[in-house]
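A short write-up of the structure that comes next.
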Amino acid sequence: MRNEEMLLIPGPTPVVDSIYDAMAQETRGHTDPRFAAIYKSAIEKTREMLKTDGEVFVISGSGTIAMEMALVNTVAAGEKLLIISQGFFGDRFIHLAKAFGIEAEVIQSEWGKQADPALVEEKLAGETFKAVTITHADTSTGVAADLDALVPIIKKHGALVILDGVCATAAMEEDMSKSYGDGKIDIVLTGSQKAIGVPPGLAIVAFNQTALAARNQIERVPAYYCDIYNWLPIMHDPQKYFATPPVNLIYGFDEGMRLVLEEGMENRYQRHAAYGKAVRAALAVYGMKALAEENAAADTLSCILYPEGMNDAEFRKALAEKGVIVAGALAHLAGKAFRVGHMGNINEEMLENAIVKIGEAVQELGFEADLEQAVRRFRELALPVA
Ligand SMILES: Cc1ncc(COP(=O)(O)O)c(C=O)c1O
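So this is what it looks like as structure tokens:
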């Protein structure tokens, strides 16, 4: 990798050379058949990854545009949305719902804890909701949603499942062909910059047939750029024009998706699960504990609490001087924790190196850190015996 720093924030994630090389190809006109063929191929690869029977949209924008696109095309003003929030990004749906006059109710779990499926059951048994949002991995807390528990409950009550995969897609299972009791995940939305490992700038949303039917029932969507009906012709034939696509980013995305499919989804899920466990176990050796319990922890990123007395800014500065970049924590956890990504096109060597650098930074700040023991723990878990 030609990157000079190790970008271990929870996205964007390190970009591999073949993606940079793809992006450095000559910029062509967005209706040029040579570009259209690459756009088409990227859309098809996305469809293969998510296994939807419906439509895939790959457009300019960040994950928030993908959230907006999912919501405005399925839930009309005045209809009800249930938000299962496990942190800051779950809460973002509250703001979106408000902006579009959607009636939202929230099941809020304490930061670091998973949502209680019994509360979801109780809520859905009591009233009818058009859709329910789940944040697969909340980037603020490092908590993963328990899809096997939540999705069957939601489908039993006939609501649409909108899954925010911004911090999970391509690393944690999101299989739209999988049956969860009475139904399937209806929408997966994501961005290019996290576990897919491509620079930021693409919003990606997959709708199954049930979600498309929900769009059909909405007479007037309160959006123009985000109305999927404006994008459908382009997704079917990228030589058509609606709004100029980010040509070079799509070159990079097509290569990123090639790498994802080449590795294979199962391998990717296993690799990320191992990385998550290994990073958290190694950091625990330094007295740095994850906010989430291990059985609720996301495979893609961890929110790590500082040992008593460790200064956030000093720690992250010392680490950045060693070329490893991690992120601060959000909201009430700011200063008390940091967030480390372990997703995308990274490998064991990079993560092990980060564990060593983190240990060195801890020592520089005057705390004890057993680097050898941390590396041993990391290796035991990051390299599962095949
Ligand atoms: C789970 C989740 N959802 C949504 C978003 C918003 O994505 P973006 O910042 O690309 O708009 C993020 C960003 O980190 C996220 O982690």
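Residue numbers (the numbering used here): 374 to 759.
Where a beta carbon is used, it is the ideal one built from N, C-alpha and C, also for glycine.
These numbers were taken from a predicted model, which means no experiment stands behind them.
C-alpha distance - residue i paired with residue j, whole-angstrom precision
{"i": "residue 386", "j": "residue 487", "result": "25 Å"}
{"i": "residue 483", "j": "residue 516", "result": "11 Å"}
{"i": "residue 608", "j": "residue 490", "result": "36 Å"}
{"i": "residue 717", "j": "residue 673", "result": "8 Å"}
{"i": "residue 625", "j": "residue 411", "result": "10 Å"}
{"i": "residue 545", "j": "residue 642", "result": "5 Å"}
{"i": "residue 379", "j": "residue 719", "result": "9 Å"}
{"i": "residue 636", "j": "residue 381", "result": "21 Å"}
{"i": "residue 753", "j": "residue 436", "result": "34 Å"}
{"i": "residue 638", "j": "residue 540", "result": "16 Å"}
{"i": "residue 447", "j": "residue 550", "result": "20 Å"}
{"i": "residue 735", "j": "residue 689", "result": "10 Å"}
{"i": "residue 501", "j": "residue 432", "result": "32 Å"}
Any non-hydrogen atom of ligand 1 within 7 Å of residue i CB
{"i": "residue 573", "result": "yes"}
{"i": "residue 711", "result": "no"}
{"i": "residue 510", "result": "yes"}
{"i": "residue 437", "result": "yes"}
{"i": "residue 599", "result": "no"}
{"i": "residue 430", "result": "no"}
{"i": "residue 676", "result": "no"}
{"i": "residue 462", "result": "yes"}
{"i": "residue 384", "result": "yes"}
{"i": "residue 440", "result": "yes"}
{"i": "residue 401", "result": "no"}
Three-state secondary structure (DSSP) of residue i
{"i": "residue 679", "result": "coil"}
{"i": "residue 724", "result": "helix"}
{"i": "residue 415", "result": "helix"}
{"i": "residue 457", "result": "strand"}
{"i": "residue 481", "result": "strand"}
{"i": "residue 607", "result": "helix"}
{"i": "residue 404", "result": "coil"}
{"i": "residue 397", "result": "coil"}
{"i": "residue 471", "result": "helix"}
Close-in-space but distant-in-sequence residues of the same chain around residue i (CB under 6 Å, 5 per side omitted)
{"i": "residue 600", "result": "594"}
{"i": "residue 656", "result": "677"}
{"i": "residue 671", "result": "510, 515 and 517"}
{"i": "residue 596", "result": "445"}
{"i": "residue 314", "result": "Because the chain is modelled from 374 through 759, residue 314 falls outside the range shown and cannot be assessed."}
{"i": "residue 739", "result": "none"}
{"i": "residue 478", "result": "455"}
{"i": "residue 458", "result": "464, 479 and 481"}
{"i": "residue 751", "result": "651, 655, 725 and 728"}
Of the residues the options, the one placed nearest residue i, counting alpha carbons only
{"i": "residue 714", "options": "562, 566 and 376", "result": "566"}
{"i": "residue 580", "options": "382, 716 and 429", "result": "429"}
{"i": "residue 684", "options": "670, 667, 737 and 637", "result": "737"}
{"i": "residue 647", "options": "575, 660 and 667", "result": "667"}
{"i": "residue 559", "options": "497, 664 and 527", "result": "527"}
{"i": "residue 557", "options": "694, 523 and 450", "result": "523"}
{"i": "residue 322", "options": "534, 630 and 564", "result": "The structure shown does not extend to residue 322, since the chain is modelled only from 374 to 759, so the question has no answer here."}
{"i": "residue 582", "options": "570, 543 and 533", "result": "533"}
Residue i: CB within 7 Å of a non-hydrogen atom of ligand 2
{"i": "residue 537", "result": "Within the structure as shown, ligand 2 is missing, the only ligands being ligand 1."}
Other residues of its chain near residue i: CB distance less than 7 Å, five sequence neighbours each side excluded
{"i": "residue 743", "result": "658"}
{"i": "residue 554", "result": "525, 528 and 529"}
{"i": "residue 702", "result": "676, 709, 710, 711 and 712"}
{"i": "residue 538", "result": "509, 547, 561, 562 and 563"}
Proximal residues to residue i (C-beta, below 8 Å), its chain only, five neighbours per side dropped
{"i": "residue 397", "result": "621"}
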